[in-house]
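First the structure, in the form of structure tokens, and then the observations on it.
Number of protein chains: 2
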Amino acid sequence: MSQARTIALDAMGGDHGPAVVVPGAALSLERYPALKFILFGNEPAIRAELDKVPALAAKARVVHTDMVVAMTDKPSQALRRGKGTSLWLAIDAVRAGEADVAVSAGNTGAFMAMSKLILRPMSGIERPAIAAIWPTVQAECIVLDVGANIGATARELCEFALMGAGMARALFHIERPTVGLLNVGVEEIKGVEEVRQAHAWLKGTELPLEYRGFIEGDQIGQGVVDVVVVEGFAGNIALKTAEGTARQIGEYLRAAMRRSLLSKIGAVLASGGFRVLKEKMDPRRANGGTFLGLNGIAVKSHGGTDALGFASAVDLAYEMAQSRLIPRLAADLTTFHHKLEAAAAS
Amino acid sequence: MSQARTIALDAMGGDHGPAVVVPGAALSLERYPALKFILFGNEPAIRAELDKVPALAAKARVVHTDMVVAMTDKPSQALRRGKGTSLWLAIDAVRAGEADVAVSAGNTGAFMAMSKLILRPMSGIERPAIAAIWPTVQAECIVLDVGANIGATARELCEFALMGAGMARALFHIERPTVGLLNVGVEEIKGVEEVRQAHAWLKGTELPLEYRGFIEGDQIGQGVVDVVVVEGFAGNIALKTAEGTARQIGEYLRAAMRRSLLSKIGAVLASGGFRVLKEKMDPRRANGGTFLGLNGIAVKSHGGTDALGFASAVDLAYEMAQSRLIPRLAADLTTFHHKLEAAAAS
Chain P
29 MSQARTIALD AMGGDHGPAV VVPGAALSLE RYPALKFILF GNEPAIRAEL DKVPALAAKA
89 RVVHTDMVVA MTDKPSQALR RGKGTSLWLA IDAVRAGEAD VAVSAGNTGA FMAMSKLILR
149 PMSGIERPAI AAIWPTVQAE CIVLDVGANI GATARELCEF ALMGAGMARA LFHIERPTVG
209 LLNVGVEEIK GVEEVRQAHA WLKGTELPLE YRGFIEGDQI GQGVVDVVVV EGFAGNIALK
269 TAEGTARQIG EYLRAAMRRS LLSKIGAVLA SGGFRVLKEK MDPRRANGGT FLGLNGIAVK
329 SHGGTDALGF ASAVDLAYEM AQSRLIPRLA ADLTTFHHKL EAAAAS
Chain S
29 MSQARTIALD AMGGDHGPAV VVPGAALSLE RYPALKFILF GNEPAIRAEL DKVPALAAKA
89 RVVHTDMVVA MTDKPSQALR RGKGTSLWLA IDAVRAGEAD VAVSAGNTGA FMAMSKLILR
149 PMSGIERPAI AAIWPTVQAE CIVLDVGANI GATARELCEF ALMGAGMARA LFHIERPTVG
209 LLNVGVEEIK GVEEVRQAHA WLKGTELPLE YRGFIEGDQI GQGVVDVVVV EGFAGNIALK
269 TAEGTARQIG EYLRAAMRRS LLSKIGAVLA SGGFRVLKEK MDPRRANGGT FLGLNGIAVK
329 SHGGTDALGF ASAVDLAYEM AQSRLIPRLA ADLTTFHHKL EAAAAS
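Structure below.
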């Protein structure tokens, strides 16, 4: 479990660039001493940060570039003008086999578009997905797509199921992850045509996963399945809504504990409990959206995160790199596509 | 503000029937003494409950029927066989002008389908919506559609904006409610065609509301707008996900407070604060989905709620009945449709 793995880092990505990327990588290196890094970006700026963390400096190579993708660049602009930027070079290191995973806190749209162009979708896949790690009362689950694309065909939803199962196998070390299809509970309708068709296929096809049928939004956090499949519009809204609700309740809680002297004293005594709660709810713990369905792994960190949050994204990248996700997933997808064609022909 | 208003109650709806509906209505009557009720369902069962609450018995008329819609009936079955059921009669009382609003904790799909059939959509409206009241850090907002239909055209999203604004005017007493369109934040895509078109129309048309543009899922609970507009699939998933997240954090909090003696003592001292928090997070406080876009108002309570939760739905029904929502909304929708046609013609 301690093979050397090389992570390509876009050192200029995110709101803080090397000031977060470098100390974040250093934190991750403490946990995974086998890690190696290639940092792409402005060399003096990166060196200034690396000087503070000699353990990381010893395991890092710096590749200088002056070019960066701005957070405000449109994906189309980034594709036209992005060649040679720190983001581009980090992704290209994965394509070239110099690194196992690319991590960036930069412009999501540009990162996705460049990853698709440079790493290329896996055979038979048209739409990659972004997978998020979602904390549950049990442990964690994987939700995808949380916003790579809007809408998904039945076939794409089944592909998401296989991709998510592959990621769950890599991260949670479960051979047959459980999968649920996110749907609405109104009796009249019971979901769109694509969702119903995907349900029929997932139920009727022998796949390397345990399909559990439809689930509703309130079951995600209960951890009823390892993988939740949904198209990207509703998936993105669900993820953001959960984040917003957690923040909202945090605000309620702080206000409630300030309302009387007794509450304040109680809150101080219970501070150990509150610390555990805060850690549970810390969005930095589950930082990192993984692009799945490409011939290479790319992990997107939140743009505004700090070193602790960035380290979570690097940890995730390391765990993904440790697994043999891509070749296994390629085989699973090919088998699924064959079964689908055989069923259509019969 | 204390006009007599008559609420038609499906006494047999929900998991507990009259045992929840009757005490729920009694609670609401304490708050709004001007209320009157017509209760539809099994008369002996209703009378047995009414005997315990004489104040309500004095303001209630009972209309007997043996027929009920089962929670498991499909909407199509309910429409075919539903005539004469307690649910049907309650809705029909609104159509006949005997009641101002119908309230049921019964089968959502059947309730929606029957309401559409009996009350009929307002002129120019094809798809009604279900609006939910969503607690925010500021106060409350209205989110629609949370599941009446899947998908929505640009025109329907604009109609939802007007319906939601009408409801916000009725409940929050704001003349020009603020409205946001729920969208995804991924730079590459920025929403579906329908959402973009609705955005352009809402921005470019003079309407009796304050359009604030796109918002993301995490902003709903921050209370950035009075009305959040979204199609029903994503809206239902957002609502359920928020409910699930709140429950999940409640479980974290309870576990965190049990983890040490000090935490337990602190939690006891801070119990006043926790009580406030619990009230804030109580899903019964915001119980009640309102069907909008029909020639009459119908309010759906959660099927599994208790008397307190059912009373919230009745309160909501009363407040909606107090407002002159329907004629005002009809005028607003007609004006909007004219503007749209004029814009298309020019």
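Protein chains in written order, with our numbering: chain P, 29 to 374; chain S, 29 to 374.
Where is the CB? At the ideal position from N, CA and C, for every residue including glycine.
(1) How would you list, in chain order, the residues of chain S whose beta-carbon sits under 7 Å from the beta-carbon of P:A247?
(2) Using only CA atoms, which one of P:G260, P:N264, P:A193 and P:H227 lies nearest to P:L237?
(3) Could you check whether the Cβ of P:A130 sits closer than 8 Å to any Cβ belonging to chain S?
(4) Can you tell me where the alpha helix (DSSP H) holding S:A284 begins and where it ends?
(5) Under 8 Å: do the stretch 189-203 of chain P and the stretch 346-353 of chain P share three or more Cβ pairs, one atom per stretch?
(6) When you compare only the Cα positions, how much space is there between P:L78 and P:M140?
(7) Does S:L210 get closer than 8 Å to chain P when you measure Cβ to Cβ?
(8) Compare the beta carbon distance of S:A339 and S:V327 with 8 Å and say whether it is the shorter of the two.
(9) List the endpoints of the continuous alpha helix (DSSP H) containing S:D360.
(10) Cβ closer than 9 Å: which chain S residues qualify as neighbours of P:S291?
(11) Closer than 7 Å to a non-hydrogen atom of the ligand SAM - does that hold for the CB of P:D173?
(12) Would S:H227 be called buried (16 or more neighbouring beta carbons within 10 Å of its own) or exposed?
(13) Whose CA, out of P:R204, P:V165 and P:D38, lies closest to the CA of S:E279?
(14) What separation, rounded to the nearest whole angstrom, lies between the Cα atoms of S:R109 and S:L67?
(15) Assuming P:R240 and P:G208 are in contact, meaning their beta carbons sit under 8 Å apart, how far apart are those beta carbons, in whole angstroms?
(16) Going by C-alpha to C-alpha distance, which of S:H44, S:S56 and S:D43 sits closest to S:E347?
(17) I want to verify the contact list: residues of chain S whose CB lies under 7 Å from the CB of P:G42, in sequence order.
(18) Do S:A284 and P:V296 count as a contact pair if the criterion is CB distance below 8 Å?
(19) Near P:G69, which residues of its chain fall below 6 Å by C-beta distance, leaving aside the five closest residues on each side in sequence?
(20) Can you grab the Cα-Cα spacing for the pair S:V48 / S:D334, in whole Å?
(21) Check whether the Cβ atoms of S:V50 and S:I74 lie closer than 8 Å to each other.
(22) Given P:L281, which residues of its chain have a CB within under 6 Å of its CB, disregarding the five upstream and five downstream residues?
(23) Report the option in P:A157, P:V90, P:A54 and P:K111 whose CA atom is closest to the CA atom of P:I325.
(24) Which chain S residues are close to P:A262, counting only those with a beta carbon under 7 Å from its beta carbon?
(25) Looking at chain S, is there any beta carbon in it that lies within less than 8 Å of the beta carbon of P:S143?
(26) Buried or exposed for S:R155, going by 16 or more other Cβ atoms inside 10 Å?
(27) Going by alpha carbons, who is nearest to S:T363 out of S:K102, S:T318 and S:I153?
(28) Give me, in chain order, the residues of the same chain whose beta-carbon lies closer than 7 Å to that of P:N454; leave out the 5 immediate sequence neighbours on both sides.
(29) For the alpha helix (DSSP H) holding S:Y101, just list the boundary residues, first then last.
(30) S:K367 touches chain P at which residues, Cβ-Cβ below 7 Å?
(31) Is S:G175 closer than 8 Å to S:N264 when the C-beta atoms are compared?
(32) Taking Cβ-Cβ distances shorter than 8 Å, what residues in chain P pair up with S:E279?
(33) Answer with yes or no whether the minimum CB distance from S:Q105 to chain P is below 8 Å.
(34) Just the C-alpha distance for S:A274 and P:E271, rounded to the nearest angstrom, thanks.
(35) If we count the other Cβ atoms within 10 Å of its Cβ and call it buried at 16 or more, is P:S143 buried or exposed?
(36) Using the three-state DSSP reduction, which class does P:A133 fall into: helix, strand or coil?
The answer reads as follows:
(1) Note that residue 247 of chain P is Gln in the sequence shown here, rather than Ala. Per Cβ cutoff of 7 Å: G272.
(2) P:A193
(3) No - not a single Cβ of chain S is within 8 Å of the one on P:A130.
(4) G260 to M285
(5) yes
(6) 28 Å
(7) yes
(8) no
(9) L353 to A373
(10) Close to P:S291, with beta-carbon spacing below 9 Å, are these residues of chain S in chain order: L297, A298, S299, G300, G301, F302 and V304.
(11) This structure lacks the ligand SAM; in fact it carries no ligand of any kind.
(12) buried
(13) P:V165
(14) 20 Å
(15) 5 Å
(16) S:S56
(17) Neighbours of P:G42 on chain S: none; closest Cβ ~14 Å, over 7 Å.
(18) Not a contact, by the Cβ cut-off of 8 Å.
(19) A39, M40 and S114
(20) 6 Å
(21) yes
(22) none
(23) P:A157
(24) Result: F261, A262 and I265.
(25) no
(26) buried
(27) S:I153
(28) Because residue 454 of chain P is not part of the residues shown, which for chain P are 29 to 374, the question remains open.
(29) Position check: residue 101 of chain S holds Asp in this sequence, whereas Tyr was assumed. No alpha helix (DSSP H) contains S:D101, which DSSP labels as neither H nor E.
(30) Correct list: empty, because the minimum Cβ distance to chain P is about 28 Å.
(31) yes
(32) V165
(33) no
(34) 11 Å
(35) buried
(36) DSSP, read as helix, strand or coil, puts P:A133 in coil.
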